[in-house]
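Enquirer: Everything in the sequence shown is counted per the working numbering, starting at 2 for the first residue and increasing by one. Right, I'll just put the structure down here and ask away after.
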Amino acid sequence: MSIAILMFTIRRYLYWRTLISISMLILGWALWVGALLSTDLVVTREWARSMLFGPFIPMCVALYVISPQFANTQQRKDGEYLSLIFSRPLPRWSYVLSKWLSGVIFILAIVIIQAVLAFALAGVAGRQPRDVLDCYSVADAILNAISYTALIVLISSLPSPWGYWIFAWIWAACVLITMGVGTMSFITSLSVSELSNSVVTAAQFLFSFFSVGIDSYHVFKSSRLPLIDIVIYVSNVVCYLTLSMFAMNRREFFYAND
2 MSIAILMFTI
12 RRYLYWRTLI
22 SISMLILGWA
32 LWVGALLSTD
42 LVVTREWARS
52 MLFGPFIPMC
62 VALYVISPQF
72 ANTQQRKDGE
82 YLSLIFSRPL
92 PRWSYVLSKW
102 LSGVIFILAI
112 VIIQAVLAFA
122 LAGVAGRQPR
132 DVLDCYSVAD
142 AILNAISYTA
152 LIVLISSLPS
162 PWGYWIFAWI
172 WAACVLITMG
182 VGTMSFITSL
192 SVSELSNSVV
202 TAAQFLFSFF
212 SVGIDSYHVF
222 KSSRLPLIDI
232 VIYVSNVVCY
242 LTLSMFAMNR
252 REFFYAND
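Okay, structure coming up:
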């Protein structure tokens, strides 16, 4: 891992346009979650926990600040200029690991900031974060940042057509499942339990394509250590980073011509 590339990448994330966009996302998300926390219901608390420490924020932030195919193109002044970077004797694996670690640090900082804002807004309504913030929430935030950042690093390491296709496939799966669950919710013949089972089935179908998350509560509270879940999580992260290194090794960069 290269400390110089790590610091360079983190400084690039602090570009003013990126900070403005991320600030708007954090503020809007914190207002929404804070409103949910202000209602003392089990459902809203679990929903708020999922939005604060779930995969949505790591996925969106990582996609915006890491992937050059969608936001930080190499033609922009805040791009990565891979040709200039690799004009030096830098191993490709070192670049991938540095990029991944810098993304994890940046995303965790974003999660902490938006959680503090959401809890502050909920505190105005007299609600305490004790039912939402616990050791499992912290573990979920760290694990989601690690895994989803690795997924986006893989997407950003691929040439543009392949990166677009992978992201389009993931996005299409999310949209189709959301539309399917939303359509089922209007069917009055379905009971609440049947609809809940449909949501769980849809979520399992989605994560069968990119199962990068893990439920820390299930891991710590299970009577037997769920080795399969842990192995799947670790193997996915390792697989994404390995494929990223392989993709970067297959690409060629020419100074001032890429």
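Where is the CB? At the ideal position from N, CA and C, for every residue including glycine.
1) State the CB to CB distance for the pair S103 and N237, rounded to an integer number of angstroms; the pair is presumed to be in contact (CB under 8 angstroms).
2) How big is the Cα-Cα spacing for M343 and I156?
3) So, under 8 angstroms CB-CB, F120 and I11 are touching, yes? Tell me the CB distance rounded to an integer number of Å.
4) Under the three-state reduction of DSSP, which class applies to S223: helix, strand or coil?
5) Could you give the residue range of the alpha helix (DSSP H) that holds P56?
6) Note down, in chain order, each residue of its chain lying with its Cβ closer than 8 angstroms to the Cβ of W260, except the 5 sequence neighbours on either side.
7) State the start and end residues of the unbroken alpha helix (DSSP H) segment that holds I143.
8) If you reduce the DSSP assignment to three classes, tell me which class D216 lands in.
9) Please classify M273 as buried or exposed, where buried requires at least 16 other C-beta atoms within 10 Å of its C-beta.
10) Taking the alpha helix (DSSP H) that L244 falls in, what are its first and last residues?
11) Kindly indicate which three-state DSSP category L1 falls into: helix, strand or coil?
12) Can you round the beta-carbon distance between L37 and A49 to whole angstroms, since I take them to be within the 8 angstroms contact cut?
13) Going by DSSP in three states, I67 sits in which element: helix, strand or coil?
14) Looking at C-alpha atoms only, which residue of S224, S138, G124, Y96 is the closest neighbour of L242?
15) Going by CA-CA distance only, name the one from I6, Y137, A63 that's closest to D216.
16) Identify, in the order they occur along the chain, each residue of the same chain with its Cβ nearer than 8 angstroms to the Cβ of R77, setting aside the five sequence neighbours on each side.
17) DSSP three-state call for L91: helix, strand or coil?
18) Could you tell me the distance, in whole angstroms, from the CA atom of V235 to the CA atom of S158?
19) DSSP on A31, reduced to helix/strand/coil?
20) For K100, is the classification buried or exposed, using 16 other Cβ atoms within 10 angstroms of its Cβ as the cut-off for buried?
21) Closer than 8 angstroms by C-beta to C61: which residues in its own chain qualify, once you throw out the five before and the five after it? Chain order, please.
22) Could you give the distance in angstroms between the alpha-carbon of V139 and the alpha-carbon of F221?
23) Please report how far the alpha carbon of M246 lies from the alpha carbon of V239, in whole angstroms.
24) Measure the alpha-carbon distance for G124 versus S224 and round it to whole angstroms.
25) In angstroms with no decimal places, state the Cα-to-Cα distance between D230 and Y218.
Expert: The answer reads as follows:
1) Counting from one through the sequence shown, the residue named residue 103 turns up at place 102. Counting from one through the sequence shown, the residue named residue 237 turns up at place 236. Taking the Cβ atoms as the reference, S103 lies roughly 20 angstroms from N237, outside the contact range of under 8 angstroms.
2) Residue 343 is absent from the model: the chain starts at 2 and stops at 259.
3) As a first step, residue 120 is located in the sequence shown; it is residue number 119 there, counting from the start. As a first step, residue 11 is located in the sequence shown; it is residue number 10 there, counting from the start. Contact annotation, F120 with I11: C-beta distance approximately 26 angstroms; criterion of less than 8 angstroms not satisfied.
4) On the sequence shown, position 222 is the one that residue 223 refers to. Correct three-state label for S223: coil.
5) In the sequence shown, the residue the question calls residue 56 occupies position 55. Run containing P56: none; DSSP gives neither H nor E here.
6) The question about residue 260 has no answer here: the residues shown for the chain are numbered 2 through 259.
7) Position 142 of the sequence shown holds residue 143. Following the DSSP letters along the chain, one finds I143 inside the alpha helix (DSSP H) bounded by residues 136-158.
8) Along the sequence shown, one-based indexing puts residue 216 at 215. Coil, per DSSP.
9) Because residue 273 is not part of the residues shown, which for the chain are 2 to 259, the question remains open.
10) For the purposes of this step, residue 244 is identified with residue 243 of the sequence shown, where counting begins at 1. Per DSSP, L244 is one residue of the alpha helix (DSSP H) stretching across 228-251.
11) Only positions 2 to 259 of the chain appear in this structure, which leaves residue 1 out of reach.
12) Here the question's residue 37 lines up with position 36 in the sequence shown. Here the question's residue 49 lines up with position 48 in the sequence shown. By a beta-carbon distance limit of 8 angstroms, L37 contacts A49. Their separation comes to about 4 angstroms.
13) Here residue 67 corresponds to residue number 66 of the sequence shown, with the count starting at 1. In this structure, I67 counts as coil in the three-state DSSP scheme.
14) For the purposes of this step, residue 242 is taken as residue 241 along the sequence shown, with counting starting at 1. Nearest of S224, S138, G124, Y96 to L242, Cα basis: Y96.
15) On the sequence shown, position 215 is the one that residue 216 refers to. The option with the nearest alpha carbon to D216 is Y137.
16) Indexing the sequence shown from 1 puts residue 77 at position 76. In this prediction, R77 has a pLDDT of 45, which is less than 50 and means its spatial position is unreliable; what the coordinates show is noted afterwards. Its chain contains no residue whose beta carbon lies nearer than 8 angstroms to that of R77 once the 5 sequence neighbours on both sides are disregarded.
17) Within the sequence shown, the letter at position 90 stands for residue 91. Reduced to three states, the DSSP call for L91 is coil.
18) For this step, residue 235 is matched to residue 234 along the sequence shown. For this step, residue 158 is matched to residue 157 along the sequence shown. Their Cα atoms are separated by approximately 20 angstroms.
19) As a working mapping, residue 31 is identified with position 30 in the sequence shown. Of the three classes helix, strand and coil, the one that applies to A31 here is helix, per DSSP.
20) Residue numbering aside, residue 100 sits at position 99 when the sequence shown is read from its first letter. Counting the other Cβ atoms within 10 Å of the Cβ of K100 gives 16 or more, which makes it buried.
21) Start at 1 with the first residue of the sequence shown, and residue 61 comes out as number 60. Beyond the five residues adjoining it in sequence on each side, C61 comes within less than 8 angstroms, by CB distance, of L26 in the same chain, given in chain order.
22) Looking up residue 139 in the sequence shown gives position 138. Looking up residue 221 in the sequence shown gives position 220. Cα to Cα, the separation comes out at about 13 angstroms.
23) Walking along the sequence shown from the start, residue 246 turns up at place 245. Walking along the sequence shown from the start, residue 239 turns up at place 238. For the pair M246 and V239, the Cα-to-Cα distance works out to about 11 angstroms.
24) Within the sequence shown, residue 124 is the residue found at index 123, counting from 1. Within the sequence shown, residue 224 is the residue found at index 223, counting from 1. Here the C-alpha atom of G124 lies approximately 36 angstroms from the C-alpha atom of S224.
25) Stepping through the sequence shown from its first residue, residue 230 is reached at position 229. Stepping through the sequence shown from its first residue, residue 218 is reached at position 217. Answer to the nearest angstrom: the Cα atoms are 12 angstroms apart.
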